[in-house]
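Residue numbers (the working numbering), protein chains in the order written: chain W, 565 to 724; chain A, 23 to 455.
Working notes for the structure below.
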């Protein structure tokens, strides 16, 4: 029987993509193992042919700044059995949502840009908008917590 | 005017971050070709105000994941200049090593995971075939090189992303003798793989030639950290502190990022610019092994930016082995400020080009204000012009949408733009009328 694979997507919103970089560094040691176990359906950093269909797990990095981003994570949620928030911005909103705490002078200064590019009034963390099943905190994400989470998911979906 | 929207709206992939590509073709002519960075701003210029200067470098590192250690060192340098801090010789060596570790892993990421799949007609680097001997070697070379760069970053800077050891006035930790030995071993081990990387990109037949200008921080030996700014547009060398005065800021209405010109001309920064302006100062071993390859530079073929990155990996390996072999790392106290306030400028060569940080620190130790100029902003106007010209050149062959997208993406990937730095979401919208 062919090896069953975990259907995953890796998505990035407002952030510095530090956890994506950590993911590509984890590939250095894990690429051979993950090639066998993961069916990467969607990951802009790795491939052009991306599909958003039924996922076992969606890993989502970044804070949310616009209605479009909110709509997109809702779509991802509706198609994924589990959602994992990756890194500080997805887990807490910060630092990407730092504008939420700006003093009046800075808040006024960025107002025209917020309007022009249709920002939401506040930057939001993932759990503000959708149900999150697991958190991998850290800035960038803690590698050990990520590997533990992935291992637990591989077992839960009976891949290993 | 009737325009037909071909509804080609796709994300551009295998780049750091994302932006919008908006192309309009009318009667066989490219009407416009816009590369707009639409990543939502996170307003670091405003966020830095009122913060204690000590925490500033770690905050500004969060501008970008992949270039984080370049932002970190650039901000540290700006703060050190503002407060009259002269780093020790060992600190300077460790800063150099931090930049080398960064460039090894970041260039290898771009070359193998982003650029190489195009050359082999693959969609993803992970789809290379392990059972094919050549592709097997490629897969292993890529991950071995990245891992060695990652290891060097970890033992010197604490982490390869958002490093924790570099601090204003010095490093909080130094590597152990065993760690240094292991790093030298790993770097020596990947050297043949780096030479194969240079060969692979030297064989690449992609060509896009255009007369353009170049700018980079140059020094001898070849450095990502210090020196003077050189350009083919001027015979004078510009000091770091004067760099910003020479740039003209261009507002790009459809982009969340800023564009720049120098002496009224667009220019390119990054590995190709550095090699074109400073190849003579590469490590002697790098020069000896790449004699015929280096004869290609100066080059105006934008795709040689990939080759230039591969060459820079070799220099980074050779120079790092020298530093690691010749330095006995000892714990040092942080150098303390000689004044309480001031304005400081930091300029470094990030993997994608010249990065500028300015900071104004007040008597109370709080940041009054600052400014940041990133490489991708400086390349942005050039990227657009090159895409438009390349598209015009291929239009007579009546390319389909997929070909147009791939050809434009190849140009974009050659520039290796970083949208986290500049700003995420590259969508392509093509209209033909």
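Ideal placement from N, C-alpha and C gives every residue a C-beta, glycine not left out.
A quick note: this is a predicted structure, and the numbers were derived from the prediction, not measured.
- Taken in chain order, the unbroken stretches of alpha helix (DSSP H) that lie wholly in the segment 586 to 674 of chain W and span 4 residues or more are 631 to 643 and 651 to 656.
- In the DSSP assignment, residue 253/A falls outside any alpha helix (DSSP H) and lies within the beta strand (DSSP E) extending over 250 to 253.
- Pairing residue 336/A with residue 419/A, the inter-Cα distance amounts to about 39 Å.
- Using a C-beta cut-off of 8 Å, the segment 598 to 611 of chain W makes no contact with the segment 657 to 673 of chain W, since fewer than three inter-stretch Cβ pairs fall below that distance.
- Residue 605/W does not reach chain A, its nearest Cβ partner there being about 12 Å away, counting only Cβ pairs nearer than 8 Å.
- In the DSSP secondary-structure assignment, residue 578/W is bridged to 627/W.
- Taking the CA atoms as reference points, residue 654/W sits about 12 Å from residue 697/W.
- Rounded to the nearest whole angstrom, the C-alpha separation of residue 682/W and residue 62/A is 10 Å.
- Residue-level contact by beta carbon holds for residue 677/W and chain A, with a gap shorter than 8 Å.
- In the three-state DSSP reduction, residue 43/A falls in the strand class (E or B).
- The C-beta distance from residue 640/W to residue 616/W rounds to 7 Å, short enough to meet the 8 Å contact threshold.
- Under the three-state reduction of DSSP, residue 377/A is assigned to strand.
- The residue among 385/A, 370/A and 384/A with its C-alpha nearest the C-alpha of residue 378/A is 370/A.
- Taking every protein chain shown into account, the CB of residue 702/W has 16 or more other CB atoms within 10 angstroms, so this residue is buried.
- DSSP places residue 257/A inside the beta strand (DSSP E), whose first and last residues are 256 to 260.
- An exposed status is given to residue 143/A, since fewer than 16 other beta-carbon atoms sit within 10 Å of its beta-carbon.
- When secondary structure is reduced to three states using DSSP, residue 207/A falls in the helix class.
- Listed along the chain, the chain A residues whose CB falls inside 7 Å of the CB of residue 585/W are 87, 88 and 183.
- Between the segment 316 to 335 of chain A and the segment 96 to 111 of chain A, the count of C-beta pairs closer than 8 Å stays below three; the two stretches do not touch.
- Annotation note: the segment 108 to 190 of chain A contains the following uninterrupted alpha helix (DSSP H) runs of length 4 or greater, listed N- to C-terminal: 111 to 130, 138 to 141 and 155 to 179.
- Sixteen is the threshold: since fewer than 16 other Cβ atoms of the shown chains lie within 10 Å of the Cβ of residue 258/A, the residue is exposed.
- Residue 269/A and residue 287/A have their C-alpha atoms roughly 10 Å apart.
- Closest in alpha carbon position to residue 627/W, among 636/W, 710/W, 571/W and 707/W, is 636/W.
- The alpha-carbon separation between residue 323/A and residue 235/A amounts to approximately 12 Å.
- Sequence-distant Cβ neighbours of residue 610/W in its own chain, meaning closer than 7 Å and more than five residues away, are 604.
- Only residues of its own chain outside the window of five on either side were considered, and among them 164, 167, 168, 171 and 335 have a CB closer than 7 Å to the CB of residue 130/A, listed in chain order.
- Take the alpha-carbon of residue 147/A and the one of residue 569/W: they are about 18 Å apart.
- Segment contact: the segment 226 to 241 of chain A against the segment 86 to 99 of chain A, fewer than three CB-CB distances shorter than 8 Å; contact not assigned.
- Apart from sequence neighbours up to five positions away, the residues of its chain that approach residue 274/A with a beta-carbon distance below 6 Å are 281, ordered along the chain.
- Look at residue 687/W here: in three-state DSSP terms it is coil, with no helix or strand label.
- With its beta carbon at least 8 Å from every one in chain A, residue 688/W lies outside the interface.
- The beta-carbon separation of residue 90/A and residue 579/W, rounded to 12 Å, does not stay under the 8 Å limit for a contact.
- A direct Cα-to-Cα measurement between residue 93/A and residue 577/W gives close to 21 Å.
- The criterion of a C-beta distance shorter than 8 Å is not satisfied by residue 292/A and residue 181/A.
- By the Cβ rule, the segment 401 to 412 of chain A counts as touching the segment 46 to 55 of chain A, because three or more pairs are nearer than 8 Å.
- Within the same chain, Cβ atoms closer than 6 Å to the Cβ of residue 620/W are found at 570, 571, 645 and 721, the five residues on either side in sequence being excluded.
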